[in-house]
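Residue numbers (UniProt numbering): 1 to 314. To keep things clear, I will list the structure first and then write my remarks on it.
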């Protein structure tokens, strides 16, 4: 009798396993149906291949391809880049609806894998790359808006912009007859405009910039990392592996940038110990007055510079 039981048990387990294997496709289809029914409708778009998505269709000229997709599928369409679903607004009206009318509802964003704010310690300090729009994010966003982006704030800094243009022209005239990289000089001027708006400091010396890339070379490296195609962005499941080593390199550059800013922040904090209410306040003074930590100031400033570099490159 015991021998009969030993023979029957493996047969029974094999039958159960076979039944489960046969039911797996059915269970997958059922789960996919319920997931699709609960998800909001996705804008139309071209057929996407498994794993690759629409990467092959986008090709080497993505702007032209997206324009063609917009003509075919409408002003709001979706594509897949690797495993990531991307919704594209291809008209000014659709972009206005997203960026202005519905900006509160659609203010979420995908954070690049190389961004230092991917870490839980720094995410709560970010505005541009914050993973969630919580109360801290709303406060920082309103602070940036009132201190940097309102018309009154921009007009109050007009004299700084004029001064930096004059300084650039003086440098160009003093180097008459010598070959100059106009793009680098213009970049340095714009960089110093922002540096003075944020912390009343010229961060780039024209002479040093023309010789070895200077300070902006460090910040440009971060921008270059962000612009590179990263496998971890296409397939987030591979993120922990950092197959291209970009996260490790970007983290090193980030700490290098923070070290450059730490000295300025420390000097300003020491100065405010003797003069807690300076007559002329810049954005750094405002952040210190509001109790911002050095890490938070570093993140906010680096985000402003990254945005400025992106605009200059475009």
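Think of the CB as a built atom: it goes at the ideal place given N, C-alpha and C, for glycine as much as any other residue. Computed from a predicted model, the values in this text were never measured in an experiment.
Distance from the CA of residue 165 to the CA of residue 89, rounded to the nearest whole angstrom, comes to 36 angstroms.
Ranking 249, 283, 261, 191 by CA distance to the CA of residue 206 puts 191 first. At a Cβ-Cβ threshold of 9 angstroms, residue 168 and residue 185 count as neighbours. Of all alpha-carbon atoms in 233, 20, 154, 197, the one lying nearest the alpha-carbon of residue 301 is that of 197. Taking the Cα of residue 248 as reference, the smallest distance to any Cα among 64, 31, 93, 113 is reached at 113.
DSSP places residue 156 within a helical segment (H, G or I) once states are collapsed to three. For residue 92, the closest C-alpha among the options 130, 259, 161, 75 is that of 75. At the C-beta level, residue 84 and residue 53 come within 9 angstroms of one another.
Cβ neighbours of residue 86 within its own chain (closer than 6 angstroms, five residues either side excluded): 79. Contact between the segment 280-291 and the segment 238-252 is absent: fewer than three C-beta pairs spanning the two stretches fall below 8 angstroms.
Between residue 253 and residue 269, the gap from beta carbon to beta carbon reaches 9 angstroms or more. Shown here for residue 133: same chain residues with a beta carbon closer than 6 angstroms to its own, the five before and five after excluded, namely 107 in chain order. Within the DSSP bridge table, the entry for residue 53 names 49, 81 as partners. In terms of Cβ geometry, residue 234 and residue 82 form a close pair [threshold 9 angstroms].
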